[in-house]
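For reference, the structure discussed in these notes is given below.
Residue numbers (this note's numbering): 127 to 541.
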């Protein structure tokens, strides 16, 4: 009699479990949380895929490629690599033997270890995760510009109508304006910002204005006559003197062509890299670190809006902000994901172990110390005090931000 396959052996059972879990989360907390969790896992696995594909292309031996940590839920071996999922979906990893000179390795595969790779291959493999974050950020920024669009201050549109008490329709509605219309010109004057429209309407009480409007790509000519604010009541109060037509002005979303979006995406990501670099400097500066500890000890400091604007976020805080962004719209969510990719990618390249940048730094140091025919081998054990000190700083940073994001969450920036 053959035993039924275990969950570890059954991809179908794993898929069913994931579907049930996602359905349960969606029912309990709404659609945004499962989406954000999925996107974060996807982002982490994109990082690991960068390591995986560069290792494969460099001829290194990849023994494991896993999603998550802890007990194995499911795994399968294809060729020389074991792929799988572990119980704690808190990240992922790619395993290549020989990451240090002291790690024991089967002599039969020594020539395919990390430590035996050439310097360029070591640097590419170690930095590939961060490079993938930049690639993902560029792809997201491009997709946002090309398919979702961005608000443009030079595209002035109708966001909503203000109800006037005692009037079934206000002047804008009587003129035939609709939400989403772009105001191109008023009496022949081109409208390229909100102030121009407000000023023209405000000083034209009782005068018929000719409005050139873009509606769905078609130009229309409409006529509106501003009404004196002293004769209008909104929410029980009389408006000030000057002309009004009863609209709320908004910046319209503008889509870019697929080609034009490429340089703008590069510019956007480049700007975010600069901002992320400055943020990382602040996070590890003595003053900001002391401020973080002070916020942990003082609820008043933790809830101070000024402190909340500058304090770093834990994974809980980032996830919450991403959920709030998702509820605000896809464009806001993508912007958060772009920023997170850039920050994580840059942070990961700090030249200290256990971060990937530490391996790049060691490989570079070994390259500089090596001589023709004689390769220098760095002793990582001598760096143990520095590694432990840095890990302690990371642990304090992680614990402090996690506590603050749970006990004193940052206010929703999209309200």
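Cβ atoms here follow ideal geometry from the backbone N, Cα and C, with glycine treated the same way.
Neighbourhood of residue i by C-beta, 7 Å cutoff - its chain only, sequence neighbours within 5 removed
| i | result |
| --- | --- |
| residue 185 | 238 |
| residue 235 | 187 and 223 |
| residue 493 | 245 |
| residue 209 | 191, 201 and 202 |
| residue 402 | 468, 469 and 472 |
| residue 543 | The structure shown has nothing for residue 543, since the chain only spans 127 to 541. |
| residue 459 | 448, 451 and 452 |
| residue 195 | 212, 214, 216 and 217 |
Residues of its chain near residue i, where Cβ-Cβ distance is below 8 Å and the 5 sequence neighbours each way are ignored
| i | result |
| --- | --- |
| residue 478 | 484, 487, 512, 513 and 516 |
| residue 349 | 301, 334, 335, 336 and 337 |
| residue 431 | 537 |
| residue 297 | 350, 351, 352, 353, 370, 371 and 372 |
| residue 433 | 417, 421 and 427 |
| residue 127 | Annotation note: pLDDT 37 at residue 127 (below 50); position unreliable, no value reported. |
Where the alpha helix (DSSP H) containing residue i begins and where it ends
| i | result |
| --- | --- |
| residue 458 | 456–473 |
| residue 328 | 320–328 |
| residue 235 | From DSSP, residue 235 is part of no alpha helix (DSSP H); its letter is neither H nor E. |
| residue 540 | Careful: residue 540 lies outside any alpha helix (DSSP H) and carries neither H nor E. |
| residue 259 | 245–269 |
| residue 521 | 510–533 |
| residue 432 | 431–436 |
| residue 425 | 425–428 |
Helix, strand or coil at residue i [DSSP, three-state]
| i | result |
| --- | --- |
| residue 190 | strand |
| residue 288 | coil |
| residue 360 | strand |
| residue 275 | coil |
| residue 501 | coil |
| residue 304 | coil |
| residue 488 | helix |
| residue 228 | coil |
| residue 314 | coil |
| residue 201 | strand |
| residue 280 | strand |
| residue 332 | coil |
| residue 129 | Legend: pLDDT at residue 129 = 41, less than 50; position of this residue unreliable, no value from coordinates given. |
Delimiting residues of the beta strand (DSSP E) encompassing residue i
| i | result |
| --- | --- |
| residue 177 | No beta strand (DSSP E) contains residue 177, which is instead part of the alpha helix (DSSP H) from 158–183. |
| residue 220 | 207–221 |
Proximity test, Cβ basis, 8 Å: residue i and chain B
| i | result |
| --- | --- |
| residue 342 | Structure shown: chain B not included; a single protein chain is present. |
Cut-off 6 Å between Cβ atoms - residues of its own chain near residue i, not counting five sequence neighbours on either side
| i | result |
| --- | --- |
| residue 390 | 271 |
| residue 189 | 221 |
| residue 263 | 395, 464, 467 and 468 |
| residue 174 | 218 and 220 |
Check your understanding: Within the chosen definition, does the segment 292–311 reach the segment 411–418 through at least 3 CB pairs nearer than 8 Å?
Key -> no
Exercise for review: Flag this pair as touching only if the segment 263–276 and the segment 453–473 have three or more C-beta atom pairs under 8 Å; answer yes or no.
Suggested key: yes
Point to revise | Entirely enclosed alpha helix (DSSP H) segments - the segment 335–411, minimum 4 residues | key: 387–409
Exercise for review: Would you check if the segment 521–540 and the segment 434–448 touch, i.e. whether three or more CB-CB distances between them fall below 8 Å?
Suggested key: yes
Practice item. Tell me, please, whether the segment 322–329 touches the segment 340–348 by the rule of three or more beta-carbon pairs shorter than 8 Å. Key: no
Point to revise | Given 8 Å, three or more beta-carbon pairs between the segment 383–391 and the segment 248–261 | key: no
Practice item. Report yes or no: do three or more beta-carbon pairs, one from the segment 277–286 and one from the segment 314–323, lie closer than 8 Å? Key: yes
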